[in-house]
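Protein chains in written order, with full-length UniProt numbering: chain U, 1 to 220; chain Z, 1 to 220. Even for Gly, the Cβ is constructed at its ideal location relative to N, Cα and C. Structure first, commentary second.
2 protein chains.
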Amino acid sequence: MPDTTSYAPSERTVPTRARERASYDRALVHAILDEGYVCHLGFVRDGAPVVLPTLYGRVGDRLYVHGSTGSRPLLMAGRSDPGLAVCLTVTHVDGLVLARSAFHHSINYRSVVVHGTAYEVVDEEERRTALDALVDHVVPGRSYDSRPANAKELAATAVIRLDLEEVSAKVRTGGPNDDPEDVSLPHWTGVVPLTRGYGAPVPASDLDPAVALPDYLTTL
Amino acid sequence: MPDTTSYAPSERTVPTRARERASYDRALVHAILDEGYVCHLGFVRDGAPVVLPTLYGRVGDRLYVHGSTGSRPLLMAGRSDPGLAVCLTVTHVDGLVLARSAFHHSINYRSVVVHGTAYEVVDEEERRTALDALVDHVVPGRSYDSRPANAKELAATAVIRLDLEEVSAKVRTGGPNDDPEDVSLPHWTGVVPLTRGYGAPVPASDLDPAVALPDYLTTL
């Protein structure tokens, strides 16, 4: 039986340094992906790297990215055979690590890096599932409370899929790692946590005041 | 006299879509860069894209990234002639944009994308300036309140530089852009702002209790 709790490490997903920070745990990878709003999608264009921020959605072990049928990476994935080589990265910054030495300053973070080939999704049912996942990634449940895409919108939207196969997480937690000989230095040392929160929802200017704030926004 | 308030657009920095969101304003580009903690650095390895999160620092129109002398992109930048082609991207997510239609869901964001060639910094004075900038990027002023790198640490650290020349910002603000025929739909519509904050600093377990929290951490 295949191991369903972890992804298999590959030459590209085993770091050359700080290997103790790397993880292939499926649940951890999914949790980091699900907490993000924007990924950084890398691809090669005319021999040079391009890194663009974009929305994404996850359905099991598949990631989806969408865009206009005229956008560059989506056009390239659709035209390339077999697909477009990509690297998709999601990072959360959790804290500022202040060591006594400049050298040991760091950041507490959680990141996921996915290597693979992105393919354009052409199956209509999978396209609809992917588009729902993209909306629900912004706010869980929102796809049930919005008008689904119509034929014209579907025709204008390209969806690409990247399977979670060659993937790893990397996590740094905890305090600074000062050298023993620096412990008596007079500098404050520790971690400043970074927090993320939600402000009060701002209704659109043309929203009918009779439309109440939905429950799924009061519990974000 | 050259235009010092804006960067010159290039084929790579003019988007194919949503051009009204693009900006080449130097002050805006710097402000977005200075507010971030982690950039996503893209480069090409064995023909495939790699996107890694990493710290960075800015000194005027130069960005600096550092790492172990054994890390892949830094090795590649040092060994490559002339340098390593990179794309460096910084993104802030400011709000969730909930439209009445699934199609018009979006994210309010501010991003900067830098295209260029990264070179290893070998001048010792520039290396020290860059390393101070990296520490001060985590907490402004911190380089004055920590032990500077010693010879051994300097020897273990590689620094690469990327000049801000081919660079653009992209910003989405404001509410949803629903189509007129959707305005009467019953769905709540508007923006949920995302906020970032700092938690109470957590002293390292071995910090002498007599060391007070510095002022620059109380005013973050």
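Query	Result
Interface partners of Gly57 of chain U on chain Z, CB under 9 Å	What Gly57 of chain U touches in chain Z: nothing, since even the nearest Cβ is about 11 Å away.
As assigned by DSSP and simplified to three states, the class of Ala156 of chain U	helix
8 Å Cβ cutoff, Val159 of chain U in contact with chain Z	no
Assigned secondary structure, residue 222 of chain Z (DSSP; H/G/I helix, E/B strand, else coil)	Nothing can be reported for residue 222 of chain Z: it is not among the residues displayed for chain Z, which extend from 1 to 220.
Rounded Cβ spacing between Val121 of chain Z and Leu33 of chain Z (contact assumed at less than 8 Å)	Val121 of chain Z to Leu33 of chain Z, Cβ: 18 Å. No contact.
For Glu11 of chain Z, the three-state DSSP class (helix, strand or coil)	coil
Leu131 of chain Z beta carbon less than 8 Å from that of Ala149 of chain Z	yes
Contacts of Arg127 of chain U in chain Z (Cβ-Cβ under 8 Å)	Result: empty, since nearest Cβ-Cβ is about 12 Å, beyond 8 Å.
At least 3 beta-carbon pairs within less than 8 Å: the segment 167-186 of chain U vs the segment 21-32 of chain U	yes
Interface residues of the segment 19-33 of chain U facing chain C [CB-CB below 9 Å]	Absence of chain C from the displayed structure is noted, the protein chains being U and Z.
Presumed contact (8 Å Cβ cut-off) between Val93 of chain Z and Tyr109 of chain Z, rounded CB distance	5 Å
Top-ranked residue by Cα proximity to Thr69 of chain U, from U:Ser205, U:Ala156 and U:Ser184	U:Ala156
Inter-stretch contact (C-beta, 8 Å, three-pair minimum) for the segment 38-51 of chain Z and the segment 135-154 of chain Z	no
Top-ranked residue by Cα proximity to Leu52 of chain Z, from U:Thr89, U:Val59, U:Thr129 and U:Leu164	U:Thr89
Rounded C-alpha distance that separates Tyr7 of chain Z from Leu75 of chain Z	29 Å
Contact between the segment 78-85 of chain Z and the segment 133-142 of chain Z (3+ Cβ pairs under 8 Å)	no
8 Å Cβ cutoff met for Gly95 of chain Z and Leu28 of chain Z	no
Residue burial classification, Gly116 of chain Z (beta-carbon count within 10 angstroms, cutoff 16)	buried
Alpha-carbon spacing of Leu213 of chain Z relative to His105 of chain U, whole angstroms	17 Å
Proximal residues to Arg100 of chain Z (C-beta, below 6 Å), its chain only, five neighbours per side dropped	Asp178, Asp182, Leu185, His187 and Thr189
Own chain residues within Cβ distance below 8 Å of Val192 of chain Z, not counting five before or after	Gly95, Leu96 and Leu98
Contacts around Thr173 of chain Z, its chain only, beta-carbon distance under 6 Å, and the 5 residues preceding and following it disregarded	Asn108
Min CB distance Ser146 of chain U to chain Z below 8 Å	yes
Cβ neighbour criterion (16 or more within 10 Å) applied to Pro73 of chain U	buried
Proximal residues of chain Z, C-beta to C-beta of Ser168 of chain U below 8 Å	Ordered by position in chain Z, no residue passes the 8 Å Cβ test against Ser168 of chain U, which lies about 11 Å from the chain.
Nearest-angstrom Cβ-Cβ length linking Leu41 of chain U and Val59 of chain U, presumed shorter than 8 Å	About 17 Å; that fails the 8 Å criterion.
8 Å Cβ cutoff met for Val38 of chain U and Thr13 of chain Z	no
Inter-residue Cα distance where the pair is Thr4 of chain Z and Ala31 of chain Z	15 Å
Cβ distance (whole Å) where Gly78 of chain Z is taken to contact Ala158 of chain Z below 8 Å	6 Å
Thr16 of chain U - DSSP class collapsed to helix/strand/coil	coil
Per-residue DSSP class, three states only, for Val202 of chain U	strand
DSSP state of Thr129 of chain U mapped onto helix, strand, coil	helix
Chain-ordered chain Z contacts of Ser68 of chain U [CB-CB under 8 Å]	Arg17
N- and C-terminal bounds of the beta strand (DSSP E) containing Asp94 of chain U	Leu84 to Leu98
Amino acids of chain Z, ordered along the chain, whose beta-carbon sits closer than 7 Å to that of Ala77 of chain U	Those within 7 Å of Ala77 of chain U in chain Z number zero; the least Cβ separation is about 13 Å.
Under 8 Å from the C-beta of Ser10 of chain Z: neighbouring residues of chain U	Going along chain U, no residue has its Cβ under 8 Å from Ser10 of chain Z, so there is no contact; the nearest lies around 12 Å.
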